[in-house]
Amino acid sequence: MSIRQEFTQSVKKVVTVSKTIVWQRIGFNLCDAVMLFFKLFSAKEFNAVA
Numbered sequence: 014m015s016i017r018q019e020f021t022q023s024v025k026k027v028v029t030v031s032k033t034i035v036w037q038r039i040g041f042n043l044c045d046a047v048m049l050f051f052k053l054f055s056a057k058e059f060n061a062v063a
C-alpha cells in the first residue's frame, strides 16, 4: 500500500468519525427514527418499483 493510499484511508476514517460525532450531537436517535419511518412506510413502494 502506498503512502498516498494510507493517507487517503486515514482522512476517510477521520471524516467518518467526525460525521458520527456531529450526528450524535445533532440527535442520532432522531435521524434513526426518521430513517426507520421511511423504511417502514416506503419499503413496499421501493420493492414495487424495484
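Numbering-wise (our numbering), the sequence shown opens with residue 14 and increments by one.
Cβ coordinates follow ideal geometry from the N, Cα and C atoms, glycine included.
Please read all numbers here as calculations on a predicted model, not as lab measurements.
Between the C-alpha atoms of residue 29 and residue 22, what's the straight-line distance to the nearest angstrom?
For this step, residue 29 is matched to residue 16 along the sequence shown. For this step, residue 22 is matched to residue 9 along the sequence shown. One Cα belongs to residue 29, the other to residue 22, and the distance between them is close to 10 Å.
Can you name, in chain order, every residue of its own chain whose Cβ lies under 7 Å from the Cβ of residue 45, other than the five neighbours on each side?
What you label residue 45 is simply residue 32 of the sequence shown in a count that begins at 1. Cβ within range, chain order: n/a, list empty.
Grab me the residues of residue 17's own chain with a C-beta within less than 8 Å of its C-beta, minus the 5 sequence neighbours each way, in chain order.
Working through the sequence shown from its first residue, we reach residue 17 at position 4. Non-local beta-carbon contacts of residue 17 in its own chain, meaning distances under 8 Å to residues more than five positions away in sequence, are absent.
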